[in-house]
Amino acid sequence: REGESHVLSPNGHVISLQDLIIANPEAVMGEKITAFSQSLFGKPTWPIVSKKFDNLNPIPDHLHWTKWEVYDINSYDNPGVSASHYHTTAMGLYSFVTKEQFLACMKRFGKSEYNGIRHLAPHVMMQLDNGFVMPNGVLHSPTNLCTHELHVTMDEHFLAEDLTLDGRIGAADAFYACREQDYPKAHHEDWDYLVEKFDFQANQDPDFVLQNSRPAISAEEFKNQGVDAKWIVYGDFLGDQKCSILRLTVQPGGKTNFCPESPALFHTNGGSGRVGKLDVQYHHDMILGEVYPEIGFITQSALTNGGVEIENTGTEPLVLTFDFPQHAHSKTPGTVVQR
């Protein structure tokens, strides 16, 4: 199930992270995140999904009525990919596309060789090692590069494309993941209703890429001798502080004390070392079903006790990527870089 995480106990037992949170939410997530998740979901739960998807082909063009996403497409997850690659993400619609053209495209769904939705969309070359935020309501067909993605703990979507490299999509299937509160079932396959509901302003924003790209910026508050830190996803969007991504690089022999404001989940992107008491190591060619010491969770209890010591015990840079949930910081990290 998407978003379900587990914890490995010292004696080798596998425990659901959610069960651990329910047992003592404030010790795991802290008072602020516990209260936020309670208000949003009616129960204490980690409020973001942190995942990596590595599809053979681009994902069908789609939108989320409510759900927003943030992306970290990095060179560690995509070894050998050139900075001048040709992997693109379709985003929104060209400014010249009219309501009538969009409606005609949707009415062709499943009735021709291809409804042609991505012919109406600008395709953006995704820059490695930078972040990007994707607001709800905007069409997108994510690249087939391996993508580290965070989003709110839910899923819903409308599929706008009827033919992909993976096969055909039927009109009924286009709406199967729409929630009733977002898009009533009575209007499934009602293309006129879809066009009236569609946010043309957001999808045809000429500054969309400028406003939503996140060039990596220095995270001075976490820098130390032998340690480099960069915010990959940062800043407010859609009116407030959403999740953020921090990448920490510790040189061989380097050591630092890490004590952010909020608990965080982390991925190991390179090298080997220690995070608190946990030995971590980046692995290639992992086998499904095996357990690898790559992903960890820093709890509120650890932060209350002064944080965790991070040490590079290997011969290559230790690269850790930390995923912070919504409202994790008293001051939103970074600012949108104007270019």
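If you read the sequence shown in my numbering, its first letter stands for residue 0, the second for the next number, and so on.
For each residue, glycine too, the CB sits at the ideal point set by N, CA and C.
Everything numeric in this text was worked out from a predicted model, so none of it was measured.
Asked	Found
C-alpha distance - Gly238 paired with Thr314, whole-angstrom precision	43 Å
Simplified DSSP state of Ala159, which is helix, strand or coil	coil
With 16 other Cβ atoms within 10 Å as the buried cut-off, status of Asn202	buried
Touch test, the region 87-102 against the region 184-202, Cβ-Cβ under 8 Å, three pairs minimum	yes
Extent of the continuous beta strand (DSSP E) to which Asn256 belongs	Lys254 to Phe257
Beta-carbon gap between Lys254 and Glu308 smaller than 9 Å	yes
First and last residue of the uninterrupted beta strand (DSSP E) at Lys51	Ile47 to Phe52
Phe207: CB within 8 Å of a non-hydrogen atom of the ligand HEM	For the structure depicted, the ligand HEM is absent and the ligand set is empty, with no information on it obtainable.
Cut-off 6 Å between Cβ atoms - residues of its own chain near Ala342, not counting five sequence neighbours on either side	Residue 342 lies beyond the stretch modelled for the chain, which goes from 0 to 338, so this question has no answer here.
Spatial distance of Val336 from Pro214 (CA atoms)	In this predicted model, Val336 has a pLDDT of only 45, less than 50, meaning its place in the structure is not dependable; the value taken from the coordinates is given anyway. The alpha-carbon atoms of Val336 and Pro214 are separated by roughly 7 Å.
Ser212 - partner residues in DSSP beta bridges	Phe131
CA nearest to the CA of Met133, picked from Leu127, Pro24, Gln210 and Tyr85	Gln210
C-alpha gap between Val69 and Ser212, whole angstroms	10 Å
Distance, Ile286 Cα to Asp235 Cα	38 Å
Val194 - containing alpha helix (DSSP H), residue span	Trp190 to Lys196
Local Cβ density within 10 Å of Phe131, reported as buried at 16 or more and exposed below that	buried
Beta strand (DSSP E) runs wholly inside the region 255-307, at least 3 long, in chain order	263-269, 271-274, 277-280 and 294-297
Own chain residues within Cβ distance below 8 Å of Lys66, not counting five before or after	Asn135, His150, Val151, Met153, Asp154, Glu155 and His156
Test: Leu39 CB closer than 9 Å to a CB of chain B	As a matter of chain content, chain B is missing from the structure shown, which is built from one protein chain.
Cβ shell of Gly333 (< 6 Å), same chain only, five flanking positions each side left out	Ile216, Trp230, Tyr233 and Gly234
N-terminal and C-terminal residue of the alpha helix (DSSP H) that Asp76 is part of	Looking at the DSSP string, Asp76 is not in any alpha helix (DSSP H), and its letter there is neither H nor E.
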